[in-house]
Ligand SMILES: CC(C)(COP(=O)(O)OP(=O)(O)OC[C@H]1O[C@@H](n2cnc3c(N)ncnc32)[C@H](O)[C@@H]1OP(=O)(O)O)[C@@H](O)C(=O)NCCC(=O)NCCS
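Residue numbers (UniProt numbering): 1 to 179.
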């Protein structure tokens, strides 16, 4: 832990199957119900997840988790296809929040998604938090689907991600149960 209270020596890495139980325990500890833990389990086991990363302390404690799932989409008009992922959920252990871990996890995973050739990332979350990572509610107005409003934001990772819009999107089936 540094002087300003941020944790500098955490490891951010991709999830391995051996991490699944620890991630489920983390999610159960962060949220009031088991809905998020069940959502992640279902997304993982229906093959919808594009990327999962975890933040791990030097002593092996799991401090954070983030998941991205495939968003199927059709372009409206003559645009080329785009690869779209949805960020949900991102979860930092209670007591470890507001120390910069969520920011590091989101920045690291957005960089990885770029390497994985994703064009656009969608999120439904606090408008006071996500714009700092490139998420934009105005851009998301060109993403037509079940969500709209200030909390629905889109972050382009490539030129296609901002140019090849509008699109019509469908989220992975486990989200239907979550709403
Ligand atoms: C939201 C969350 C992922 C942020 O991660 P974090 O490590 O706590 O946040 P960071 O330290 O990276 O960033 C701190 C900033 O985030 C803001 N922030 C934290 N949680 C927030 C929330 N729920 N709503 C709005 N802003 C929030 C803080 O006010 C702070 O803002 P500032 O930099 O302007 O002072 C984490 O607090 C969390 O897991 N919360 C519970 C689960 C949740 O709400 N997940 C989001 C679902 S998409």
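We put the CB at the ideal spot given by N, CA and C, even for glycine.
Distance between residue 133 and residue 61 (C-alpha atoms, nearest Å): 26 Å
Residue span of the alpha helix (DSSP H) that contains residue 103, given as start and end: Per DSSP, residue 103 belongs to the alpha helix (DSSP H) from 101-115.
Residue 49 beta carbon near ligand 3 (any heavy atom closer than 8 Å): By its list of ligands, the structure shown excludes ligand 3, since it contains just ligand 1.
Option nearest residue 119 by Cα separation, candidates 92, 29, 49 and 70: 70
Residues near residue 14 in its chain [Cβ-Cβ closer than 6 Å; skip 5 each side]: 53
Top-ranked residue by Cα proximity to residue 173, from 48, 31 and 24: Comparing C-alpha distances from residue 173 to each of 48, 31 and 24 shows the shortest one belongs to 48.
Spatial neighbours of residue 74 in its chain, beta-carbon cut-off 8 Å, leaving aside the 5 residues before and after: Closer than 8 Å at Cβ, skipping near neighbours: 167 and 168.
Separation of residue 46 from residue 27, as counted between CA atoms: 19 Å
Residue range of the alpha helix (DSSP H) that includes residue 82: Run containing residue 82: none; DSSP gives neither H nor E here.
Given residue 21 as reference, the closest of 58, 37, 32 and 51 once Cα atoms are compared: The alpha carbon of residue 21 has as its nearest neighbour, out of 58, 37, 32 and 51, the alpha carbon of 37.
Option nearest residue 67 by Cα separation, candidates 109, 100 and 104: Minimum Cα distance to residue 67 is reached at 109.
Anticipated Cβ contact below 8 Å, residue 142 with residue 124, distance rounded: That pair is no contact at about 16 Å.
Residue 141 Cβ short of 8 Å to ligand 1 heavy atom set: no
Buried versus exposed call for residue 155 [16 or more other C-beta atoms within 10 Å across all chains shown]: Under this definition residue 155 is a buried residue.
Span separating the alpha-carbon of residue 229 from that of residue 31: The shown model of the chain, from 1 to 179, leaves out residue 229, and the question about it has no answer.
For residue 36, three-class secondary structure by DSSP: In the displayed model, residue 36 falls within a helix according to three-state DSSP.
Backbone secondary structure at residue 64 - three-state DSSP: strand
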